[in-house]
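Numbering (our numbering), first residue to last: 43 to 306. Below is one structure, written out as structure tokens, with a few remarks after it.
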């Protein structure tokens, strides 16, 4: 089977991987969800597969053997896909879960090497507005609601407060993480970058560049225009943050002040 049947979506939580993965699924791919989820019951998750193999033979519990298990896991997904492309959602932290070797070598992560050797498309999705990302994660923790379907009646959101003193260091940490991943992917011939804030047109449909990328990696001519999920938190931050004034004062005069007024 052609190795280009693997499509990796790489990003942080709340950065748009789900809505883009859903678009690729609507173009005919098999949605493998967040593949390195710690939940053993996660649909098509790698660690659920590991648990089944360990139950058969305890030797597979040793992480250094997980390189072999990952290859076997991909083959099992291919059997289920029956020729469809595999849509593999991989979070930043997931890159380091399978060791490269028994020694500490400083080599790039096994999964990056795995992707590069197969010339699989990998799409890094970046949400530039880190304040909105932080707020989205806080709202998720408060409500437990991961996404909202298009047309779904919106529920009243809880007001949240952010730890003001930790805010700037956290924004800088998130930006540095994006840049580190960009440098890691730079040598890969089939790496792509998608900016969350540029994914959508003014009318809420997918932007043409987003649809073009989806069509290219999927080999799909008819790419849907409208997302099946709606944006979770489009309101002004002043309507979401209980300590908005303190947050605004903390960001005022910094390179990140623009994040306060941005709509998404």
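Beta carbons: idealized from backbone N, C-alpha and C, even for Gly. Computed from a predicted structure; not experimentally measured.
Taken through DSSP and simplified to helix, strand or coil, residue 75 comes out as strand. Per DSSP, residue 234 lies in no alpha helix (DSSP H) segment; the continuous beta strand (DSSP E) that holds it begins and ends at 233-237. By a beta-carbon distance limit of 8 Å, residue 274 contacts residue 178. Their separation comes to about 6 Å. Pairing residue 298 with residue 174, the inter-Cα distance amounts to about 11 Å. Annotation: residue 289 to residue 204 spans about 7 Å, alpha carbon to alpha carbon. Residue 53 carries a strand assignment under DSSP once its states are collapsed to helix, strand and coil.
Taken through DSSP and simplified to helix, strand or coil, residue 81 comes out as coil. A direct Cα-Cα distance of roughly 15 Å separates residue 88 from residue 141. Between residue 119 and residue 86, the beta carbon gap of about 6 Å places them in contact (Cβ cut-off 8 Å). Contact annotation: residue 213 and residue 51 have beta-carbon atoms that are not nearer than 8 Å. Contact between the stretch 244-260 and the stretch 218-236 is present: 3 or more CB-CB pairs across the two stretches fall below 8 Å. The Cβ neighbour count for residue 53, taken over all protein chains shown within 10 Å, is at least 16; the residue is labelled buried.
Under the three-state reduction of DSSP, residue 168 is assigned to strand. Under the three-state reduction of DSSP output, residue 139 falls in the coil class, being neither helix nor strand. Residue pairing by DSSP puts residue 131 in a beta bridge opposite 51, 76.
Straight through space, the alpha carbons of residue 208 and residue 283 are spaced by roughly 15 Å. Taking all protein chains shown into account, residue 280 has fewer than 16 neighbouring C-beta atoms within 10 Å of its C-beta and is therefore exposed.
In the structure shown, residue 108 falls within a helical segment according to DSSP collapsed to helix, strand and coil. For the set 171, 229, 200, 247, the Cα lying nearest the Cα of residue 216 is the one of 171. When secondary structure is reduced to three states using DSSP, residue 279 falls in the helix class. If you draw a straight line from the Cα of residue 111 to the Cα of residue 129, it is about 18 Å long. Looking at the backbone, the Cα of residue 263 and that of residue 66 are separated by about 12 Å. Inclusion of residue 131 and residue 76 in the CB contact set at 8 Å is warranted, their separation being smaller than that value. Scanning 200, 153, 71 for the CA closest to the CA of residue 136 turns up 153.
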